[in-house]
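To start, the structure itself, in structure tokens.
Protein chains in written order, with the working numbering: chain A, 203 to 572; chain B, 121 to 422.
Right, dumping it as structure tokens:
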């Protein structure tokens with residue numbers, strides 16, 4: 203087959219275009235300062251702190267329409283800042299604009315000194331303390347819980363252990379059946395589930411024994427394995443696409459900033475996360491124990507809204523949707539959003555659907571009219 | 121400028137230079153670059169210690185096997201480059217060409233797929249302890265663990281390189297199919313997109329294979345053993361000279377965590393007792409407050 207002829211004029215024009223793009227990109231990057239790349243900027247106040255855990259209360263952006271306050275609970279892998287990445291891609295802002303009274307818990311930056319913290323500490327300890335503080339401040343007995351990913355597991359377990367303290371349970375991209383990745387078995391989906399099962403429990407123990415914690419860098423590498431070619435092209439092809447457009451470049455850098463902020467996972471808690479849940483799948487079987495108490499999903503009787511991402515390669519939908527068959531809630535709803543794991547928070551379509559659905563659900567079950 | 125922004129700027133400058141360099145060389149055949157791969161840094165079996173007996177032999181064997189794979193990958197790379205000329209044409213796109221060149225280079229593949237290996241190696245490779253000659257037994261354990269880990273790492277790289285070769289062959293087949301389907305050669309962007317798709321598929325399949333998972337499991341075990349052997353050596357050294365050791369610090373941290381649990385339990389009990397005796401106080405609004413006590417925690421698992 204003959205090769206198509208090269209048009210010299212077009213080639214020169216193309217080279218000039220790329221050169222201009224590179225020059226503009228270089229100038230933009232050179233002029234940018236770290237303070238230009240801000241995430242999680244929605245105004246909030248620190249209202250409670252214990253050890254490294256901080257509870258923040260967001261300042262209202264609109265008239266309060268939902269009386270029962272809500273707490274956003276992210277996990278220990280990654281950070282809650284994903285829910286407030288930038289002004290026009292912020293679940294937090296969207297919820298505040300819809301009249302929610304909103305709190306968020308930040309677990310801080312666990313160090314080697316925190317290696318003996320367990321998930322019991324986080325769920326029946328710090329999370330319970332946060333709920334108590336919010337209830338005290340708002341003068342209510344129950345709060346709404348908005349759990350995200352691993353934080354969704356925290357709130358699910360909490361709701362099962364303390365149903366009397368939870369008004370509604372809203373879950374987002376939350377794994378419940380850790381072996382349900384095999385239901386659809388989509389290519390490239392559920393690799394963490396498979397990878398964790400390929401290890402023996404003793405491997406996890408020794409990994410933690412040797413490192414103290416589960417390093418954030420380690421989990422980041424595992425995440426990158428899930429999208430191998432995307433990871434390889436990120437800093438050349440992908441970056442070139444956005445580098446000469448200040449707005450798009452800032453969006454891209456904000457996401458980079460969030461990705462780079464990957465705290466270490468406390469060692470003992472990581473053992474529970476990987477062995478009890480990913481390997482032995484105790485949560486969906488209601489066999490998991492915290493503080494000597496069984497986490498019985500059948501005790502979840504409050505209204506539940508379970509939000510999942512239809513193309514989530516990290517938490518495949520079936521692993522989230524398994525909750526439906528386990529709870530005894532009179533109002534269990536599911537909402538499948540377009541996009542992947544992170545797209546739920548930053549995707550254009552998702553922005554329009556997610557927050558309004560949550561606000562409507564909470565309003566329907568608002569025990570304390572605003 | 122922050123270190124973060126500076127690093128990113130430097131990185132981008134380097135990337136930009138690479139793309140501009142590639143533009144200058146655009147007239148040269150892809151073959152040159154593909155063949156240049158063979159001059160890249162090869163895993164060196166000379167790094168293996170000479171006195172580790174059977175382990176060294178296994179390491180050498182793993183190194184030889186990988187050398188053979190690299191050689192085969194080099195041949196395939198040359199063939200790919202030659203076929204690129206046949207099947208890829210259309211409007212010239214220097215960026216796509218540069219990226220495609222990089223992506224089709226097996227060294228890029230190895231750099232991209234080895235991230236977890238690198239992290240494991242960094243986690244395992246602690247301080248170099250060349251001067252600790254008086255601690256032969258512990259030092260030997262470290263060397264054994266290092267040799268075993270290097271061997272596993274070479275085997276694991278072999279699996280990734282094997283996957284690159286499968287992807288390369290499939291890419292050539294699909295490239296020929298795409299080019300002949302509509303009678304026109306693929307342009308550079310479409311050729312790059314096709315490589316991304318084919319390579320991604322192959323990598324994902326490889327990562328889900330028992331061979332890959334088993335190899336990675338062994339690599340994790342070996343890197344963990346290396347780190348523990350190093351810690352054992354350092355503990356021994358620390359004890360001799362009266363320095364605080366990792367184990368002692370862990371003891372302190374364990375005690376601290378347990379004491380905090382106990383403190384929270386007492387606070388919770390106090391608050392419950394007060395709540396039972398006094399009417400509920402009005403809601404407060406300002407400033408952080410001391411944590412409320414809570415129920416007892418279970419102890420750390422082992």
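Note that the Cβ used here is the ideal one computed from N, Cα and C, for glycine as well.
Note that the coordinates shown come from a computational prediction; the quantities given were computed from them, not determined experimentally.
Just tell me which of A/460, A/455, A/567, A/482 has its CA closest to the CA of residue 235 of chain A.
A/455
For a minimum of 4 consecutive residues, which ranges assigned as the alpha helix (DSSP H) are wholly contained in the region 391-423 of chain A?
393-399, 403-413
Classify residue 248 of chain A: buried if its beta carbon has 16 or more other beta carbons within 10 angstroms, exposed otherwise.
exposed
Which of the residues in the region 313-347 of chain A, read from start to end, lie with their CB under 8 Å from any CB of chain B?
314, 315, 316, 317, 318, 319, 320, 322, 323, 326, 327, 330, 331, 334, 335, 338, 339, 340, 341
Per DSSP, cross-strand counterpart(s) of residue 506 of chain A:
A/371, A/534
Does residue 150 of chain B get closer than 7 Å to chain A when you measure Cβ to Cβ?
Low local confidence applies: a pLDDT of 35 at residue 150 of chain B is under 50, so the model's placement there is unreliable, with the coordinate-based value given in what follows. No, residue 150 of chain B does not count as interfacial toward chain A.
What residues in its chain sit with their C-beta under 6 Å from that of residue 483 of chain A, if we drop five residues either side in the sequence?
380, 381
Along chain A, which residues have their Cβ under 7 Å away from the Cβ of residue 320 of chain B?
430, 431
When you compare only the Cα positions, how much space is there between residue 393 of chain B and residue 557 of chain A?
40 Å
As a quick exercise: from A/327, A/337, A/303, A/276, pick the residue whose alpha carbon is nearest that of residue 380 of chain B.
A/327
Please return the same chain residues whose Cβ sits closer than 6 Å to the Cβ of residue 290 of chain B, not counting the five positions on each side in sequence.
318
Can you check whether the CB of residue 275 of chain A is closer than 7 Å to the CB of residue 357 of chain A?
yes
What does residue 288 of chain A pair with, by DSSP beta-bridge criteria?
A/291
Please confirm whether residue 537 of chain A and residue 552 of chain A have their CB atoms less than 7 Å apart.
no
Could you say if the region 384-402 of chain A and the region 435-444 of chain A meet the contact criterion of at least three C-beta pairs nearer than 8 Å?
no
Could you check whether the region 347-364 of chain B touches the region 317-333 of chain B, counting it as contact only if at least three pairs of C-beta atoms, one from each stretch, sit closer than 8 Å?
no
What's the gap between the Cα of residue 196 of chain B and the Cα of residue 285 of chain B?
7 Å
Is it the case that the region 423-437 of chain A contacts the region 253-273 of chain A, given that we only count it when at least three CB pairs across the two stretches are under 8 Å?
no
Measure the alpha-carbon distance for residue 156 of chain B versus residue 462 of chain A and round it to whole angstroms.
Confidence in residue 156 of chain B is poor, its pLDDT being 40 and thus under 50, which makes the residue's placement too unreliable to answer from.
What are the boundary residues of the alpha helix (DSSP H) that residue 426 of chain B is part of?
Chain B is shown only over 121 to 422; residue 426 of chain B falls outside these bounds and no answer can be derived.
Can you tell which of A/224, A/323, A/284 has its C-alpha closest to the C-alpha of residue 543 of chain A?
A/284
Starting from residue 253 of chain A, find everything on chain B with Cβ-Cβ shorter than 8 Å and list it in chain order.
380
Am I right that residue 415 of chain A and residue 314 of chain A are in contact with their C-beta atoms under 8 Å? What's the rounded C-beta distance?
6 Å
Can you tell me the Cα-Cα spacing of residue 390 of chain A and residue 337 of chain A, whole angstroms?
42 Å
Quick check on residue 270 of chain A: does DSSP put it in helix, strand or coil?
coil
What separation, rounded to the nearest whole angstrom, lies between the Cα atoms of residue 469 of chain A and residue 229 of chain A?
43 Å
Cβ neighbour criterion (16 or more within 10 Å) applied to residue 237 of chain A
exposed
Cα separation between residue 397 of chain B and residue 389 of chain B?
13 Å
Please go through the same chain and pick out, in chain order, the residues whose beta-carbon is closer than 7 Å to the beta-carbon of residue 568 of chain A, but skip the five residues on each side of it.
268, 269, 270
Between residue 348 of chain B and chain A, is the shortest Cβ-Cβ distance under 7 Å, so that the two count as touching?
yes
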